[in-house]
Amino acid sequence: MNIKNVIWGLAFIIIFSACNRKQTEAFEVDKHLAYCDKQVHRTLTELGNRKMMPRNIPDSLTHWKLVPIGIGEWTAGFWPGILWYNYESTENMNNADAATFYTDLLEPLTVLPPYDHDLGFQIFCSYGNAYRLTGNEKYKQIVLNAADTLALLFNPKVGTILSWPREVEPNNWPHNTIMDNMINLEMLYWAAKNGGDKKLYDIATKHAETTMKHHFREDGGNYHVAVYDTITGDFIKGVTHQGYADSTLWARGQAWAIYGYTMVYRETQDKTFLRFAEKVTDLYLSRLPKDEYVPFWDFDAPNIPNEPRDASAAAIVASALLELSQLEDNKEKAKEYKTAAINMLVELSSDKYQGGDCKPSFLLHSTGHWPKGSEVDAAINYADYYYIEALVRYKKLISGIKVTENFKDA
Ligand code: GLY
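Numbers given in my numbering equal positions in the sequence shown, counted from 1, plus 3.
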């Protein structure tokens, strides 16, 4: 072997590892977790003793808009979930008390008939984390019951869970399934292995398979909504609800796909899902603006670069890629995904994206529902949830622990 090539090779390895180390060392996760704790306490002060949840802070305001808890409040589980992650990172019992208080407020939702797929977001982010960190059996039972309720929306003819029963009339969508629904499969997988019905595993896997088959274009980009015939089970069409157009790539929709298929691979260990998680991730990464890690709200929005960003998509993807990097069987891809996730966290943790002293949220610049003109360029609770989840996961990752394991017990 040519000695010159060997020397160049060694130099490359040394420089590459130094850069990687620099990136990791530069990201001071404890500092960012301490910042989250500070912001949580500002929000708790704002809430006082009102039994409401912080939902968003529009660009023009400096205080949270609060919402009551009800079936229409799909984000109701995120604030309790934030508080549980904050307790996990601080190990401060006062933070556990706050988390318990807001989790218990969701109790009315736990006894309702199946109203839509959001039950998974609402219950698993709150009670799921509550049980993970406390082992309280009452929380476990609530999650098991919610999983059974969610499964009632599964249509075996179609092979997916009906996402929005209440939206059938206005949109004339017989059986609709939205990409976001992928996230709610985690509660079914969890229930199946924690004393619930084993059929929940099959339902979740069937949903993931059907979605993989119909809900994506050739390049791995997804339609937000897949519409199916309720009776025959046939796929009718792919449309958008929160993206710019049926043919465009809505950033958060793709983020849900990345997070969803990463989690489905973790639960099934079926390599088909790993390869698919790579496909949807690679498309997302390839479409990010050059040297930037927070996407515009829709990758095909017409006025880029003068379009709002979506920090929530970046936070969801950062959290997912930390896990995907650990699940990968391809070392190069593992490295690529870990580096991308850290770059996303670094950008989200910069002044541009932090609520800082001005606002009590962790993050700014998310876009909830652009077509409706709602929550555009705002701070939104689910961006904060996935940001703190990603920080907690990152801390586990650098400690050599599986990112989905309980930090305290590991
Ligand atoms: N519908 C959930 C979302 O806005 O991503």
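From the three backbone atoms N, C-alpha and C, an ideal C-beta is built for every residue, glycine too.
- Note on the stretch 25 to 109: whole beta strand (DSSP E) runs with a minimum of 3 residues are 56 to 60, 68 to 70, in chain order.
- Sequence-distant Cβ neighbours of L324 in its own chain, meaning closer than 6 Å and more than five residues away, are Y340, A343, A344.
- Taking 4 residues as the minimum length, the alpha helix (DSSP H) runs contained wholly in the stretch 133 to 187 are 140 to 154, 171 to 174, in order along the chain.
- A229: member of the beta strand (DSSP E) spanning 228 to 231, first to last residue.
- The Cβ-Cβ distance between V297 and Y356 falls below 8 Å.
- With a cut-off of 7 Å, the C-beta of D285 is classified as distant from ligand 1, since no heavy atom of the ligand falls inside that distance.
- Residue range 334 to 351 is occupied by the alpha helix (DSSP H) that includes K334.
- The continuous stretches of alpha helix (DSSP H) do not include I404, and DSSP gives it neither H nor E.
- Placement of the Cβ of G371 at a distance of less than 7 Å from at least one heavy atom of ligand 1 is found.
- D100 has its CB no nearer than 7 Å to any heavy atom of ligand 1.
- G241: member of the beta strand (DSSP E) spanning 238 to 242, first to last residue.
- When C-alpha distances from Y268 are compared across A79, M185, F127, D107, the shortest belongs to M185.
- The beta carbon of Y390 is closer than 7 Å to those of A318, L351, F365, L366 in its chain, skipping five residues each way along the sequence.
- At a cut-off of 7 Å, the beta-carbon of Q257 does not count as near ligand 1: no heavy atom of the ligand is closer than that.
- Within the same chain, and ignoring the five residues on either side of K68 in sequence, the residues whose Cβ sits closer than 8 Å to its Cβ are P57, R58, N59, I60, P61.
- Rounded to whole angstroms, A149 and D40 show a C-alpha spacing of 29 Å.
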